[in-house]
Amino acid sequence: MLEILKKTLKTGCQTTKYPDVPDVAQAGFRGMPQLLSDKCTFCGECVKVCPSGVITITEKSDEKTLALSYCGCIFCGRCEEACQFDAVKLTQEYELASLSKEDLVTIIRRKL
Amino acid sequence: MNTIIESIKKEFNNNILGVSISHNETYLTIKKEIIVKMCDHLYHHLDIPLVCIFATDEREKAGSFKVHYVFSLDREDAFIILRIDIDGKNPKFPSITNKVAAANWYEREIQDMFGLIPVGHPDPRRLMNFEDWPSGVHPLRKDFDIKTKPPRVVGEYLYRRVEGEGVYEIPVGPVHAGVIEPGHFRFSVAGEPIINLEIRHFYTHKGVEKLFENISLDKAVFLAERISGDNSVAHAVAFCQAMEKIAGMNIPPRAKHTRTILLELERIYNHIGDIAGIATDVAFSFGAAHANKLKEDVLQLNERVTGSRLLRGMNTIGGVRRDIGSKKDEILLRLSLIHRDFRKLMELLFSTPSLMDRIETTGRLYNDIAKGLHVVGPVGRASGIDRDTRRDHPYAAYREFNFKVPVSKAGDVHARTVVRGDEICESIAIIEQALWSLPEGNINIKADNIPDGHALGYSESPRGETIYWIRTCGNKIERCKVRDPSFCNWLSIEYAVLDNIVPDFPIINKSLSLSYSGNDM
Amino acid sequence: MTVEDEIEIMGQRLNDKIRNIFGRSLHIREVDAGSCNACEVEVNSLSNPIYDIERFGIHIVASPRHADMLLVTGPVTRNMELALLKTYNATPAPKLVAAMGSCACNGGIFADTYASMGGVDKIIPVDVYIPGCPPRPQAVIFGLMVAIGKLEQKISKTEVRS
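Protein chains in written order, with this note's numbering: chain A, 402 to 513; chain B, 5 to 525; chain C, 5 to 166.
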């Protein structure tokens, strides 16, 4: 009993202060992939390597669209590895909860 | 190994149609009619454990189905794989379950997935396909398209019934009261003592083996990681090793050491989590809170080292994707703190009478039952079965390290907890050795085209021996058999709960630490 | 103001009142509809002393009948579809549904096959999506806070024309 009391007092309060105090994930964390539209060349390498197929490129008559959906993203980082132009980077962002699926998408449109 | 093959050839000479050797696997193609006798000979006479049974659909290439029986020669780091041909027009094969009890679920799985009927099987009910699945539709056959959605039909699954005065049936699941995966348990009880338990799982069957055939090679490792979420690294390593064997790749030593470190980190957080679960289930909240805090320390260390709390995204065919050399000092420091706290916690847990009273002699799994069912992992070792893939079939960098394999004879919840506690200490020692001797060099080699071939990959996950058998063709996976350790271990719960009371069921279940998703695939 | 507008305003007020009540005490029933178990490890982490969701008034309950919210993981396998539907119907209104993990959001790597339905919203309506594989416990706490209206969601649809 005394041992339990001693250990409890020694350990103290371990609870995190999140969400009152922001919790920033450290560098290297596999977070939200960010698309940099000025670097993207629409080469399609990221589309080929994505395991859950959440990156798509579609072409209409006058414009190309690249869409990345965070819904099915497994945060593996293959898109970042495959991109030769540094247009996709995995950030440390993890607060991705959304009330609708439409908000979980990033789109780049480019006129042909 | 050669002496064993010679003795088999002497015993069954006329019935062996072909012998081929590939890496440490010897394939014997034999006549279907003698499979029962040969398996009986290997299992009972030569004492070689049956590790896996699986089927392949080779009607297009070879005109028949094939069923493979994998036996493991532990002392010699080798495998014997028996192969029989089954004609598609007469899809039946002799069941070996009456002689080798461990074959039970494998044969029922082949029946559901391929439509090959094990003649003489004591339990011919469906396993993976539920009663609403139409008959005659078998998902792993090559002519079944993965996107097909067969209609639901009306059917009934009959449970074993125990009848008598005062005997009640308690159905539990699939949605359980705690935060746990879905599965069904049907107890037959008279008051509190359990007379019979029947389990029925496969609620989380996601069709993983079929998905492997429809995903490209470079993406398949991510699928392997997601079969049993808390054993991601072990599955990924077993998968990668099978592919590397097919391609004849020898990965760099730095990658081997890194894989070993990741595998042991996974073992540590799983075992601490199991010990926390046992403390929770006996309502020793203090112990549970401290064990959960230690588990969280390990998960946060995992995230700092690899970017993922469950060590995902680290393995690839050819090595590992990230270098952890720069994190060496941090890992050593944090592990030493965790080790010190863990040892104190275990002393405290084992000196608490209320906890000890609940876990000693509870859920005893006797050695002969464990052996008969081919129970693997810490559960098997706690029942006296001295098998560990890391020592018997060394892979990654395990050959270079000294470590003990804790074994106990008691077979109860206490024995399993002690075995897990000892394994954690051994794992920390292995990580320290691996980090101190981390070689320089690359962390992976490029895997371009994987040639056609087949190989067995294996690893010791926190739950036990994980087996992958992969055949590639045209740079795609033609067949991938995944055997998670829980597939072998689940049936042991039906025996471990006998002579125990219903309130002890959660502790027994937790001490066996069984994965539902790994089992169901 | 038309009758439709009035109904709209009343509906919004009711929604806010419900969210307010949930914000003080939310009872969650976790349903695994075929996940690989990683999300369960993270939901169990929520109850450990470090994250301790009880300090928000969030409590994990044993039965859907006691629940205000269903936290669903997994892509909803064929074998779990009926169990999930029954659990949803057993939960008394008003209720919320949170889809946790990439599998629950749209099937993830298991996609849409003979055994997997391809996401929770194919079976029951979902109120909040929490992406991640598995989502960090902090991400789940954030998702729960967004669901009950205590925090605003950070992500929104981004469209760039270049």
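Backbone N, C-alpha and C define an ideal beta-carbon position, used for all residues, glycine too.
A distance below 8 Å between beta-carbons, with the five flanking residues on each side excluded, links GLU436(B) to the following residues of its chain, in chain order: LEU336 and LEU339.
Counting along the chain, the unbroken beta strand (DSSP E) around HIS63(C) starts and ends at 62-64. Going by C-alpha positions, ILE13(C) is about 49 Å away from PHE290(B). Here GLU469(B) is buried. Its C-beta has 16 or more other C-beta atoms within 10 Å. Note on geometry: alpha-carbon atoms of VAL141(B) and GLY119(B) lie some 8 Å from one another. Taking the beta carbon of PHE290(B) as reference, the chain A residues within 9 Å of it are ILE405, LYS408 and THR409, listed in sequence order. Not one beta carbon of chain B lies nearer than 8 Å to the beta carbon of VAL455(A). Counting along the chain, the unbroken alpha helix (DSSP H) around ILE282(B) starts and ends at 257-285.
Cβ-Cβ separation between CYS40(C) and GLY233(B): approximately 4 Å, consistent with a contact (criterion under 8 Å).
According to the DSSP assignment, PRO128(B) belongs to no beta strand (DSSP E), since it is labelled neither H nor E. Of the candidates SER355(B), ASN108(B), THR33(B) and GLU80(B), the residue whose Cα lies closest to the Cα of LEU403(A) is SER355(B). With respect to the 8 Å criterion, ALA451(B) and HIS261(B) are not classified as neighbours on the basis of their beta carbons. Non-local beta-carbon contacts of MET84(C) in its own chain, meaning distances under 6 Å to residues more than five positions away in sequence, involve ALA37 and GLY38 in chain order. By the criterion of a C-beta distance shorter than 6 Å, GLY22(B) is surrounded in its chain by THR33, once the five residues flanking it on both sides are discounted.
Look at GLY27(C): its C-beta is not under 8 Å from any C-beta on chain B. In summary, LEU267(B) is buried, with 16 or more beta-carbon neighbours lying within 10 Å of its beta-carbon over all protein chains present. Within the stretch 449-501 of chain B, the runs of beta strand (DSSP E) that reach at least 3 residues and sit entirely inside it are, in chain order, 457-465, 468-477 and 480-487. Assigned with DSSP and collapsed to three states, PRO175(B) falls in strand. Checking the DSSP bridge columns, you'll see ARG165(C) partnered with ARG510(A). Contact annotation, ARG308(B) with GLN427(A): C-beta distance approximately 6 Å; criterion of less than 8 Å satisfied. Taking 8 Å as the CB threshold, TYR133(C) stays off the interface with chain B.
With a 10 Å radius around the Cβ and a threshold of 16 neighbouring Cβ atoms, PRO143(B) comes out buried.
GLU156(C) has a beta carbon lying at 8 Å or more from every beta carbon in chain A. The C-beta distance from LEU314(B) to SER236(B) rounds to 5 Å, short enough to fall under 8 Å. Per DSSP, ALA82(B) lies in no alpha helix (DSSP H); the unbroken beta strand (DSSP E) holding it starts and ends at 82-91. According to DSSP, LYS70(B) shares a beta bridge with THR60(B) and ASP89(B). Here ASN319(B) is not near ALA374(B), since their CB atoms are 8 Å or more apart. Contact between VAL423(B) and PRO455(B) does not hold, since the beta-carbon distance rounds to 41 Å and is not under 8 Å. For the C-beta of THR320(B), not a single chain C residue is nearer than 9 Å; the gap to the nearest is close to 16 Å. Taking all protein chains shown into account, PHE405(B) has 16 or more neighbouring C-beta atoms within 10 Å of its C-beta and is therefore buried. Look at the stretch 38-52 of chain C: the residues with a C-beta under 8 Å from a C-beta of chain B are GLY38, SER39, CYS40, ASN41, ALA42, CYS43, GLU44, VAL45, GLU46, VAL47, ASN48, SER49, SER51 and ASN52. Taking the beta carbon of TYR55(C) as reference, the chain A residues within 7 Å of it are THR417, listed in sequence order.
By the C-beta density criterion, VAL123(B) is exposed, having fewer than 16 other C-beta atoms within 10 angstroms.
Taking C-beta atoms as the reference points, CYS472(A) and VAL489(A) fail to come closer than 8 Å. Proximity of GLU300(B) to chain C, defined by a Cβ-Cβ separation below 8 Å, is satisfied. Contacts with chain A at 8 Å (Cβ-Cβ) include THR162(C).
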